[in-house]
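**Q**
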Amino acid sequence: MSARRTIQAVATAAAVLLGLAAAAPAATAAPTADAVTSAAVPANDWLRTDGNKIVDEAGNQVWLTGANWFGFNATERVFHGLWSANIENITRQMAQRGINIVRVPISTQLLLEWKAGQAIRPNVNTYVNPELEGMNNLQVFDYWLQLCEKYGLKVMLDVHSAEADNSGHTYPVWWKGTVTSELFYQGWEWVTARYRTNDTIVAMDIKNEPHGTPNDPQRAKWDSSTDQDNFKYACETAGKRILAINPNLLILCEGIEVYPRPGATWNSPNTNPDRSPNYFYNWWGGNLRGVAEHPVDLGAQQDQLVYSPHDYGPLVFEQPWFAGDFDKESLTNDVWRPNWFYIHEQNIAPLLIGEWGGRLGQDARQDRWMAALRDLMIDNGIHHTFWCLNPNSGDTGGLLLDDWTSWDETKYNQMLKPALWQHNGKFVGLDHQVRLGGAGATTGISLAERYADGTDPVDTTAPTAPGQPTATDVTATAATLNWAAATDNVGVTAYEVLRTTSGSGGASVVTVSGTSYRATNLTASTSYTFTVRARDAAGNISAASPPLTLTTPADNGGGGDQGCAATYRVVNSWQGGYQAEVTVRNSGTSAIGGWTVSWTAPAGTTISSLWNGRLTTSGTSVTVRNEPYNGQLAASASTTFGLTGNGSGVPTGLSCVAS
């Protein structure tokens, strides 16, 4: 155990009942039999960031792979499940099954109650939990921290809501009622000071799922203002106040729900009848587009910053991107990269997916989404905490079954276990001295043991540059690029294709897994320059390939054996509105690189949202062009895009032009 921990596993019951604050370090516990002692082993377990990685004090790369256990945030003000299961059994099982960090939702109201000495006696089954007899909820939490130390677990605190409320997370902002923004900051300061020398708690998730749209009375935005509802400013402020007390903590900033599209502002209306909506939408907490223009600034402790989006599947909410066919590549290009994955790819900061998961085996789309996100995190070493341990999570179910003792083995083995940090067949903890699973554990190892043999060190070697691209099948609007593969000391995982237009200093980037790419949406008679970079699993990026410059030919109207057909159908309708789906099929005998669908809308109708296509309107004339990921269609192949609209009626003049 670390010398700087103040709540020792051997603390007396009397000390626990007193609820001692973290004031001065206690004597270091004797090393366990399985501990590794070395001058190179850090004395503490604090973490920091290095580019898009998280490392320990010695610079060893770590992978935070955990789960959520809620209850302290709710009206019960204590972990759920203690009414039927034993706190130590649950904690030990998490560690033995490879969970190395637990995200613990709390509320600002709870922190303020604890600060004021108003801890309550929780409703705990003391027949099952005799060790908790007579404890208030703060003492239960302190006791649980001892168990985490005993079993090599680390902890992340998450302010889930302002008030202690089972539904508190639905409120969009971090203040509510008597809980002001200033009290929100003070709650964080109090809990940081109490545990400032206890390196069991290594991370603070500033606020769960800030959200809201411009139609809502309260909503979270993201810009560089000091406005109360600017979550970027709130996370920055809370982070700095926390780090002033303990500069070693990781600070997690989640995303928001919406972000203005180019040309729109936070004062724009929610929809714009003359074009696509004014805002990009995502999950609550999942929209981190604002980081590109307005990054969080933690000053001298910038290397403690982690961005933390949330992502869910269609059983939680039917997002537009689940309406048609989707896979890992389309989700990455259409949803994850523009909202948060770019932060990892551009080496801005690490990502930790604070919530993901759900029910398994009830919806094929749900299972496909969950497997795709799991694989993205594995391929890129993205940190995560699975939602959730609790079986009483209505939207998702839990890792535990309803008896709070049995595990959902199918969900655990298929979805979570493959994404847990493992080395040589054992789970890896974040404690340097205590094995994950505790003394004598056979399923886990400590961080010191992980790096003791010197194998698999942190990969800092970038791949070689790929070969110069070549172009084939060049049309007025598309070209197929191919290049020679790069090499890497571990392995290349992806390629980034950069495109620069003549006369423009900007570059567009797409990531592909292979050594070819069909560039679409080009403009006729225009010069383009393409380069390619290779990327490995550790995020190292190669130098760019030699450039390829090409000029597209003049537009010949798609000519010859190229063509496409469009079919429009209404899939749902309600008073004053409707949802439609348009199928685009390659009706020619050769592949097409793009398509454009047009129609005349019925008088009085407007399109409120559209996905899987690029919309432009002029009066009643509607035009939809393909996105980069769904323009290329082989002969007889098809794709779909969807839309929602106001009004009713059937469009006329539906046409499709291939390119």
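For the sequence shown, the positions run -29 to -1, 1 to 630 when mature numbering (1 follows the signal peptide of the UniProt record, and there is no 0) is used. We put the beta carbon where it would ideally sit given N, CA and C, even for glycine.
Using 8 Å for Cβ pairs, my map puts Asn310 next to Arg232. What's the rounded Cβ distance?
**A** Actually they do not touch by this definition, with Cβ atoms about 13 Å apart.
**Q** Do Asp577 and Asn617 have their CB atoms nearer than 7 Å?
**A** Per the sequence shown, the amino acid found at residue 577 is Thr instead of Asp. Taking 7 Å as the Cβ cut-off, Thr577 and Asn617 qualify as a contacting pair.
**Q** On the DSSP bridge list, what partners appear for Trp582?
**A** Looking at the DSSP assignment, Trp582 forms a beta bridge with Gly613.
**Q** Have a look at Asp200 and Pro518 and give me their C-alpha separation to the nearest angstrom.
**A** Whole-angstrom Cα-Cα distance: 45 Å.
**Q** Note down, in chain order, each residue of its chain lying with its Cβ closer than 6 Å to the Cβ of Gly474, except the 5 sequence neighbours on either side.
**A** Residue placement at Gly474 is poorly supported in this model, since its pLDDT is 49, which falls under 50; the coordinates are not used for a value here.
**Q** Check for me: the beta strand (DSSP E) holding Ala629 runs from which residue to which?
**A** Unbroken beta strand (DSSP E) run through Ala629: 623 to 629.
**Q** At what residues does the beta strand (DSSP E) containing Tyr600 begin and finish?
**A** Note, Tyr600: premise wrong, no beta strand (DSSP E); not H, not E.
**Q** Taking three-plus beta-carbon pairs below 8 Å as touching, is the region 413 to 422 in contact with the region 431 to 450?
**A** At 8 Å Cβ cutoff, the stretches do not touch.
**Q** Under DSSP, the beta strand (DSSP E) around Cys535 begins and ends at which residues?
**A** First-last of the beta strand (DSSP E) with Cys535: 535 to 545.
**Q** In chain order, what residues of the same chain have a beta carbon less than 8 Å from the beta carbon of Ala(-16), not counting five sequence neighbours either side?
**A** For Ala(-16), the pLDDT reaches just 31, beneath the cut-off of 50, and the residue's location in the model is therefore unreliable, leaving the point undetermined.
**Q** Residues bridged to Asn39 by DSSP?
**A** Per DSSP, Arg74.
**Q** Kindly confirm or deny that the region 179 to 188 and the region 24 to 41 touch, where touching means at least three C-beta pairs closer than 8 Å.
**A** No: fewer than three Cβ pairs fall under 8 Å.
**Q** For Thr367 versus Gly328, is the C-beta distance shorter than 7 Å?
**A** In this structure, Gly328 lies closer than 7 Å to Thr367 by Cβ.
**Q** When the Cα atoms are used, what is the spatial distance from Thr491 to Ile172?
**A** The alpha-carbon atoms of Thr491 and Ile172 are separated by roughly 49 Å.
**Q** For the alpha helix (DSSP H) that contains Ala164, what are its first and last residues?
**A** Here the alpha helix (DSSP H) through Ala164 covers 152 to 165.
**Q** Which first and last residues belong to the alpha helix (DSSP H) in which Tyr422 is found?
**A** Its alpha helix (DSSP H) spans residues 418 to 423.
**Q** Look at the Cβ atom of Ser132, then the Cβ atom of Asn44, and state whether they are nearer than 7 Å.
**A** For Ser132 and Asn44, yes; Cβs fall inside 7 Å.
**Q** Please report the straight-line C-alpha distance between Leu221 and Lys388, rounded to a whole angstrom.
**A** C-alpha separation (whole angstroms): 24 Å.
**Q** Taking only runs that begin and end inside the region 238 to 277, name each unbroken beta strand (DSSP E) of 3 or more residues, in chain order.
**A** With a minimum length of 3 residues, the continuous beta strand (DSSP E) runs that stay inside the region 238 to 277 are 250 to 252.
**Q** Per DSSP, what kind of secondary structure is Asn310 in: helix, strand or coil?
**A** Residue state, collapsed to three classes: helix.
**Q** Select from Ser364, Gln275, Phe288, Phe357 the residue whose C-alpha is nearest the C-alpha of Ala320.
**A** It is Gln275 whose Cα lies nearest to the Cα of Ala320.
**Q** State the DSSP-derived secondary structure class of Ile213, mapped to helix, strand or coil.
**A** If DSSP states are grouped into helix, strand and coil, Ile213 belongs with the helices.
**Q** Assuming Ile72 contacts Leu35 under a Cβ cut-off of 8 Å, what Cβ separation, rounded to an integer in Å, is found between them?
**A** That belief holds up - the Cβ atoms of Ile72 and Leu35 are roughly 5 Å apart, short of 8 Å.
**Q** Between the beta-carbon of Arg489 and the beta-carbon of Thr451, is there less than 7 Å?
**A** Contact flag set, yes.
**Q** Can you say whether Tyr98 is buried or exposed, counting buried as having 16 or more other CB atoms within 10 angstroms of its CB?
**A** Flag for Tyr98 reads exposed.
**Q** If we count Cβ pairs, one from each stretch, closer than 8 Å, do we get three or more for the region 586 to 603 versus the region 556 to 570?
**A** Contact holds: three or more Cβ-Cβ distances are below 8 Å.
**Q** Measure the C-alpha to C-alpha separation of Leu372 and Glu598 and round it to an integer number of angstroms.
**A** The alpha-carbon atoms of Leu372 and Glu598 are separated by roughly 42 Å.
**Q** Could you give the distance in angstroms between the alpha-carbon of Glu84 and the alpha-carbon of Gly30?
**A** So the two alpha carbons sit approximately 38 Å from each other.
**Q** Need the endpoints of the alpha helix (DSSP H) that Asp113 sits in, please.
**A** Looking at the DSSP string, the run of the alpha helix (DSSP H) that includes Asp113 is 108 to 121.
**Q** Is Gln64 helix, strand or coil when you go by DSSP?
**A** Residue state, collapsed to three classes: helix.
**Q** Taking the straight line between their C-alpha atoms, what separation do you get for Thr623 and Leu614?
**A** So the two alpha carbons sit approximately 16 Å from each other.
**Q** What residues match up with Val555 in a beta bridge as DSSP calls it?
**A** The partner list for Val555 (beta bridge, DSSP) reads Ala537, Thr610.
**Q** Within 8 Å, do at least three Cβ pairs link the region 260 to 269 to the region 186 to 205?
**A** Judged by Cβ distances under 8 Å, the region 186 to 205 makes contact with the region 260 to 269, as three or more pairs qualify.
**Q** Report the option in Gly438, Val481, Asn107, Ser496 whose CA atom is closest to the CA atom of Thr448.
**A** For the residues Gly438, Val481, Asn107, Ser496, the minimum Cα distance to Thr448 belongs to Ser496.
**Q** To which residues of the same chain is Gln550 closer than 6 Å at the C-beta, ignoring the five residues directly before and after it?
**A** Excluding sequence neighbours, Gln550 sits near Val542, Asn543, Thr615.
**Q** What are the start and end residues of the alpha helix (DSSP H) that includes Met341?
**A** Looking at the DSSP string, the run of the alpha helix (DSSP H) that includes Met341 is 335 to 351.
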